[in-house]
Amino acid sequence: MAHNQVNEIDVLLKDLKKTPGFKAYLILNSDGIVIRWDQVGKQMPYQRAVQHAHHITELYIKSKAHVQELFDPQDRHVENVRVRTEEYEIIISSYGAFTLAVFQEDGRKAESALAEAVAVVV
1 MAHNQVNEID VLLKDLKKTP GFKAYLILNS DGIVIRWDQV GKQMPYQRAV
51 QHAHHITELY IKSKAHVQEL FDPQDRHVEN VRVRTEEYEI IISSYGAFTL
101 AVFQEDGRKA ESALAEAVAV VV
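For the sequence shown, UniProt numbering gives the first residue as 1, with consecutive numbering after it.
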């Protein structure tokens with residue numbers, strides 16, 4: 001059963017990488033440790049992936065805490081955090097014991113396609 005789940009994840013990640021605007025992804029465990037990562041073009045060094053993971057984990061935790069302070073109890077659940085710069089966008093989604101962070105070019109046309117692919121992965 002676990003072997004089939006690994007194959008499903010591999011297939012979904014391959015589809016994610018085919019999405020227009022895709023740049024990189026990180027998968028973190030519940031401790032914020034990078035368990036998988038990839039980047040289009042050249043391979044992202046492990047040290048860079050760990051650095052991204054640290055910042056992504058902090059951003060997600062602080063964003064979630066802030067949202068929980070701001071809104072009513074029924075609107076407090078944070079599923080995704082999106083951060084956009086002039087060139088890139090980072091989508092962070094946590095599900096169970098894992099966190100997926102996807103980096104994409106800030107192309108408005110690619111936005112909806114990548115968001116749909118991320119929703120399928122998690």
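Think of the CB as a built atom: it goes at the ideal place given N, C-alpha and C, for glycine as much as any other residue.
This one's a predicted model, so the numbers in the text were calculated from it and none came from an experiment.
Which same chain residues, not among the five before or five after residue i, have their C-beta less than 8 Å away from its C-beta?
i: residue 38; result: 13, 17, 24, 25 and 44
i: residue 40; result: 17, 22, 23 and 24
Tell me which same chain residues have a C-beta within less than 6 Å of the C-beta of residue i, skipping the five on either side of it?
i: residue 89; result: 104 and 106
i: residue 60; result: 81 and 92
From the DSSP output, in three-state form, read off residue i for me.
i: residue 8; result: helix
i: residue 56; result: helix
i: residue 89; result: strand
Go to residue i, then tell me how far its beta strand (DSSP E) extends in each direction, as first and last residue.
i: residue 39; result: 34-39
i: residue 102; result: 98-105
i: residue 29; result: It is not in any beta strand (DSSP E) - residue 29 carries neither H nor E in the DSSP assignment.
i: residue 78; result: Counting along the chain, residue 78 falls outside any beta strand (DSSP E), and DSSP gives it neither H nor E.
Just the C-alpha distance for residue i and residue j, rounded to the nearest angstrom, thanks.
i: residue 67; j: residue 79; result: 11 Å
i: residue 36; j: residue 65; result: 26 Å
i: residue 98; j: residue 56; result: 13 Å
i: residue 42; j: residue 30; result: 27 Å
i: residue 94; j: residue 27; result: 10 Å
i: residue 69; j: residue 86; result: 29 Å
i: residue 63; j: residue 77; result: 11 Å
i: residue 71; j: residue 58; result: 20 Å
Hey, residue i and residue j: beta-carbon distance below 7 Å or not?
i: residue 53; j: residue 34; result: yes
i: residue 19; j: residue 101; result: no
Going by beta carbon distance, what residues of the same chain come within less than 7 Å of residue i, once the five residues before and after it are set aside?
i: residue 50; result: 34
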